[in-house]
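Student:
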Amino acid sequence: MNGNKSQTGLFEKRMVMNETTTPAEYDRRGLGAWLLSCGLLIGGLGLATTSHAEMAEGFAEGSRPAPPPAEQVEAGKRVYFTKCVWCHGVEGAGDGPGADRLWPRPRNFNAGTFKIRHTASGELPLIDVDLFQTVTHGLPGSAMPSWEGILTEDQRRDVLAFVTTELVKDRSWQDTEFEEFHVLQLDQIQPVAPSVESIKRGSELVKEMKCIECHGVEGRGDGNAFNLKDDWGFSIQPADWHKCWNFRGSRQDAYNVKNIFRTFSTGVSGTPMPSFADNTTVEDRWHIANYVNHLCERDVDVDIAGGDVTDEIATALLAAKPRGIDPLTDKPKVDFVVPSKFVEGELPADEHDERWKLVDRRIVAMGGQITHKPRNFVTRIDDVWVQSLYNETHISFMFRWDDRTNSVQEDSVDWEPYEVNLGDYGIEEQEPGGSKFADDPEHPESIAAKQTAYQVFNDGLAFQFPIKWQELPAPRKPRYFWGDEGYPVDITKWTADGELKAYQGEGWDMDFEDRDDFTEELKMVKAEWKDGRWTVIVTRPLKGDYEEDAYIELGKYIPINFFVWDGHNGDVGRKMAVSAFYYLVLEPPIEKETYIYPTIAAIGLVLVEGWILTRRANRRKGKV
Amino acid sequence: MTWLKLVEGYMPMQMITELAICILVFSIINYSLKRAGMGLPKFWAGIFVWCFVNLFYLKYRIYPPIPFSVRAIYGTVAACGIFMWVSGSQQEWEEFKRPIINVLDAKTGLTKFVRTALLILLPIGLWGFAYNSFLPSFDEPIELRTVHPAPPATTKVHGKTYVLQTAANPFRINPEGKYDQAYSNAHIVSQDMGRLMKDVKNPEDNPWDPNAKGYIKHVREGGEIFFQNCHFCHGDNLNGRGLWAFAFNPIPANFTDAGTIAQLQETFVFWRVAKGGIGLPGEGFPWASVMPPWEQHLTVDEIWKVIMFEYWHTGYYPRTWE
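Set out below in structure tokens:
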């Protein structure tokens, strides 16, 4: 059987079955029967014998795990009902009490479908390797934590014994008739070292293999992606290759290319991501893995020009250094100081201005707004990159963040842009559902049901400074959420419909006040959504009216925090993602003293040297 | 170079022993070389000892690292000691300073070269060092926040006033329906690694047992609330490492740490949960905390249940007033 065809066919079959049958009905037997019929059909034509006769390159026959002893299953049950049941549910159907407010959803174990594997597409995972590593390292980018250091190694193996025997209901590792194990020999395969050629070849292959149809031309997960669904009908989105720390299979080792090679070789079961083992050589798989790995954000922002990777781009990608990953969060380390540097003359007109390279870009971590109603449990934006430059009169901010959808509100809304209490207009928090499927008629308002069906609002970004922050006794600040009574904040808000406005906030539930005079002074330099990323550049005067607008002064720590809305996620008003407080610091141009004093010291040292030498010479003369 | 670091706790004794051994080994080598007629020059030996102690041992071997200022003091003391050692007699002192004098006099090609190089490099080095220390640096300012500020005497939640001294969790009950902390303490998770429920087959220990009732059933209800509301920050294992913990500052409390709920009365936790970050006094930085005032989202009963779940799941007891 032609591997490529079977892969696509399998996938299509899955999607078709999904529409007509419930996942519970859709099980291994359906799949097995289908494979069998294919085998018979093609076998009858004399083209091939069985479906697994030809193993894809890089795979070898694996061994079947022994059934766990009953005591181990019982011990695992104790672990499961203490730690796991809360999200994965009593029957392991991924429908625990926490499930509906999670995205990605917790795994439904029943069908034996597991995403991260060394085994060939459609096969059960290796318990000791794949599932053990998942429990040990967690699944970054989801709520599944790393259980290392919390559960002992034995406890982790125990719980797997319970899950694989009791909760995987439709298939069995012991089923010798249907279950085979063809294992990717990841440790034996010689990797292709990353190089300019390899990265360039990878960038061509992702187009040839049509990866970019879902993952987007720059790999930000913005392709034909919004309506993708998994086997249970839940909304699912292609990985953003620029955030390797969120790769579910990253195993707490984000920049390790082997993880990408593995996922690409074995596919992500239960999702539209197929295995490419049958139609891609091992070498080509390494080229793709190298390219994808080097797209992950590093110390410099390399413009990959829509994926048309030239020698120059590949060299820059190769030269960039990985970012430090915080071992406590498995995300890039956060620095709470946002530096701004002085530039002469006009501030940059776009993102290509060379002067942006003068200043470090900072990652601002974003979390869902879950303090006040309506809380946002499922966010699609988890970070924003910020850079800032200033001149004598103005300061410029460049915000860039990955957003799979360009959301511009089309239908008119009943509220005004300055209003924040939108409950009266029907913008309400969603009650937790508790469903195994997205389209459960019993839970029509669940997050899972609504996730791709919200009214589309504007994407947006805002940042706030305390007004008259100079007068606040440190560390007092206005509240992070639009200030509080007596502690007003200066809010600058941009929305994707082209508005850039200055507001004053005095509390999370207080409508904004327009600051029209200052709005006139704001300048939207650029706002563009391209290939899954927003680039928004705004400038504002350093100073306005002292009583109303935050004065931005040199060399001071000015509290700032950020808000971001994803219109396709139904984000509007208080439903958004929010950051902690950061500090904006305008680094003053280097003062003359910085050069003068060291020079004086150096000259002094030269004089001392001369004195010592002269004295020595005189003494020797005297002696002679 | 983690293998180099001293284990915390053994440090002082281990350090003294190790240094003593080093000195002994060095003395033996030095003495044997001397006997063999290849004695180390005093000048280089002095520099070697100082570098070993100050630049290597104190900097890399000691853990946690000691601050630069303390190392500078040790370095000075070590330098004084070395001076005393090398100036023990007039002859030794002459021997020690000979290389310095040689360079100053610069009679050979090599010493001439060294002297010229030093004359040029020293001022340049000094300039660079001074320039670096004059450059302004903008590190994150340190702000000290009180994690457990003093609670008020009473708190009003959903229209009812609770006196923190006398309020009690209405769900912490024994099978007879009476408030009973000894009973609930007997059914929290075990204290060993993993903190698992004591007996999965016992409906008094397993919140998910179909026959669970009373205290342990309320624990499950609390857990359901926790996993719909709290784990986003406080984490699936209540260790403060939730999905969004990385985004927020102050970071979410780690309930498995012996310094959080294990140190607090249940009514204190009730006040903190009900009023959230915004309800903190100034020293707790109410402006920065994203902890919701849970009275906006949960009923009083739900708050009590979720607190009970937190104690159950971490295996801690609330502190009592006794």
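Keeping their order, the protein sequence lines are chains A and B. When we follow our numbering, the leftmost residue of the first sequence carries the number 13, and every step to the right adds one. When we follow our numbering, the leftmost residue of the second sequence carries the number 46, and every step to the right adds one. C-beta atoms are modelled at their ideal positions from N, C-alpha and C, and glycine is treated no differently.
By a C-beta neighbour count over all protein chains shown, 10 Å radius and 16 as the cutoff for buried, is Leu47 of chain A buried or exposed?
Tutor: Since pLDDT at Leu47 of chain A reaches only 45, below the 50 mark, its modelled position is unreliable, and the value read off the structure follows with that caveat. Leu47 of chain A should be labelled buried.
Student: Could you name the residues of chain A that His238 of chain B contacts, counting a contact when the two beta carbons are closer than 9 Å?
Tutor: In the sequence under discussion, the amino acid at residue 238 of chain B is Met, which differs from the His named in the question. Correct list: Ile162, Leu163, Thr164, Gln167.
Student: For Gly88 of chain A, which residues in the same chain have their Cβ closer than 6 Å to its Cβ, ignoring the five residues on either side in sequence?
Tutor: Taken in chain order, the residues that qualify are Asp170, Val171, Ala173, Phe174.
Student: Under 8 Å Cβ to Cβ from Ser132 of chain B, same chain only, skipping five residues before and after it: list those, please.
Tutor: Counting only Cβ-Cβ distances below 8 Å, and skipping sequence neighbours, we find Trp138, Phe141.
Student: Which residue's Cα is closest to the Cα of Leu179 of chain A: A:Ala123, A:Ser281, A:Val355?
Tutor: It is A:Ala123.
Student: Which residue comes first and which comes last in the alpha helix (DSSP H) that contains Val321 of chain A?
Tutor: Note, Val321 of chain A: premise wrong, no alpha helix (DSSP H); not H, not E.
Student: In chain order, what residues of the region 607–634 of chain A put their CB closer than 8 Å to some CB of chain B?
Tutor: So the list reads Tyr607, Tyr609, Pro610, Thr611, Ala613, Ala614, Ile615, Leu617, Val618, Glu621, Ile624, Leu625, Arg628, Arg632, given in the order they occur along the chain.
Student: Should Tyr92 of chain A go down as buried or exposed, given a rule of 16 or more other Cβ atoms within 10 Å for buried?
Tutor: Buried is the call here.
Student: Secondary structure at Ile602 of chain A, three-state DSSP: helix, strand or coil?
Tutor: Coil, per DSSP.
Student: Report the rounded CA-to-CA distance for Tyr362 of chain B versus Ala213 of chain B, giving the unit in angstroms.
Tutor: Their backbone Cα atoms lie some 14 Å apart in a straight line.
Student: Since Gly567 of chain A meets chain B, which of its residues come closer than 9 Å, beta carbon to beta carbon?
Tutor: Those are Pro181, Phe183, listed as they occur along chain B.
Student: Where does Gly42 of chain A sit, in a helix, a strand or coil, going by DSSP?
Tutor: Residue placement at Gly42 of chain A cannot be trusted, given a pLDDT of 42 that sits under 50; what the coordinates show is reported in the next sentence. Helix at Gly42 of chain A.
Student: Only counting the same chain, and skipping five residues up and downstream in sequence, which positions put a Cβ closer than 8 Å to that of Thr327 of chain A?
Tutor: Correct list, in chain order: Val208.
Student: On a Cα-Cα basis, can you pick out the residue from A:Leu566, A:Glu358, A:Arg586 that is closest to Ala437 of chain A?
Tutor: It is worth fixing the name first, because residue 437 of chain A is Tyr in this sequence and not Ala. Minimum Cα distance to Tyr437 of chain A is reached at A:Arg586.
Student: Which same chain residues end up closer than 6 Å to Ile507 of chain A when comparing Cβ atoms and leaving out the 5 residues on each side of it in sequence?
Tutor: Checking the sequence, you will find Thr at residue 507 of chain A rather than Ile. Hits under 6 Å: Asn470, Gly472.
Student: Using a cut-off of 8 Å between C-beta atoms, extract the partners of Gly108 of chain A located in chain B.
Tutor: Neighbours of Gly108 of chain A on chain B, chain order: Phe272.
Student: Does the region 305–313 of chain A touch the region 274–289 of chain A, meaning 3 or more C-beta pairs lie closer than 8 Å?
Tutor: No, because fewer than three Cβ pairs between the region 274–289 of chain A and the region 305–313 of chain A fall closer than 8 Å, the two stretches do not touch.
Student: Please state the DSSP three-state secondary structure of Trp298 of chain A.
Tutor: Trp298 of chain A: helix per DSSP, three-state reduction.
Student: Below 7 Å on C-beta distance, what does Thr94 of chain A contact in chain B?
Tutor: Under the 7 Å cutoff, chain B gives Val234, Leu241, Met242.
Student: Checking the sheet assignment: what are the DSSP bridge partners for Asn573 of chain A?
Tutor: For Asn573 of chain A, which the question treats as bridged, DSSP gives the partners A:Gln476.
Student: Bridge partners of Gly380 of chain A, per DSSP?
Tutor: The partner list for Gly380 of chain A (beta bridge, DSSP) reads A:Ala589.
Student: According to a CB-to-CB cut-off of less than 7 Å, which residues of the region 357–380 of chain A neighbour chain B?
Tutor: If the cut-off is 7 Å between Cβ atoms, the region 357–380 of chain A has Ala377, Met378, Gly379, Gly380 near chain B.
Student: Do we get a CB-CB distance below 8 Å when we pair Leu330 of chain A with the residues of chain B?
Tutor: No, Leu330 of chain A lies away from the interface with chain B (no Cβ there is under 8 Å from its Cβ).
Student: Distance check for Lys127 of chain A and Gly21 of chain A, CA to CA, integer angstroms please.
Tutor: Unreliable positioning characterises Gly21 of chain A in this predicted model, as indicated by a pLDDT of 37, which lies under 50. The coordinate reading is nonetheless provided below. So the two alpha carbons sit approximately 19 Å from each other.
Student: If you measure from the beta carbon of Glu340 of chain B to each beta carbon in chain A, is any gap under 8 Å?
Tutor: No, no contact with chain A.
Student: Helix, strand or coil, according to DSSP, for Ile549 of chain A in the structure here?
Tutor: Of the three classes helix, strand and coil, the one that applies to Ile549 of chain A here is strand, per DSSP.
Student: Give me the subset of the region 208–219 of chain B whose CB atoms are less than 7 Å from a CB atom of chain A, sorted by chain position.
Tutor: Under the 7 Å Cβ criterion, the region 208–219 of chain B contributes no residue.
Student: So is Asp323 of chain A buried or exposed if we call it buried at 16+ other beta carbons inside 10 Å?
Tutor: It is exposed - the Cβ of Asp323 of chain A has fewer than 16 other Cβ atoms within 10 Å.
Student: Can you list, in chain order, the residues of its chain whose CB lies under 8 Å from that of Lys462 of chain A, leaving out five sequence neighbours each side?
Tutor: Correct list, in chain order: Gln442, Gly582.
Student: In whole angstroms, what separates the C-alpha of Leu155 of chain B from that of Met60 of chain B?
Tutor: If I take the Cα positions, the gap works out to 40 Å.
Student: In the structure shown, what three-state DSSP assignment does Ala514 of chain A receive?
Tutor: Strand.
Student: Could you compute how far the alpha carbon of Trp366 of chain B sits from the alpha carbon of Gln210 of chain B?
Tutor: Rounded to whole angstroms, Trp366 of chain B to Gln210 of chain B spans 8 Å at the Cα level.
Student: Which whole-angstrom value is the C-beta distance of Leu198 of chain A and Asp296 of chain A, which I expect to be below 8 Å?
Tutor: 16 Å between Cβ atoms; not a contact.
Student: Let me know the secondary structure DSSP gives Ser408 of chain A once reduced to three states.
Tutor: Note: Ser408 of chain A maps to strand in three-state DSSP.
Student: Out of B:Gly91, B:Glu221, B:Val208, which has the shortest C-alpha to C-alpha gap to Gly259 of chain B?
Tutor: Out of B:Gly91, B:Glu221, B:Val208, B:Glu221 has the C-alpha closest to the C-alpha of Gly259 of chain B.
Student: Check the C-beta distance from Phe44 of chain B over to Val335 of chain B and give it rounded, since I have them as a contact under 8 Å.
Tutor: The question about residue 44 of chain B has no answer, for chain B in this structure spans 46 to 367.
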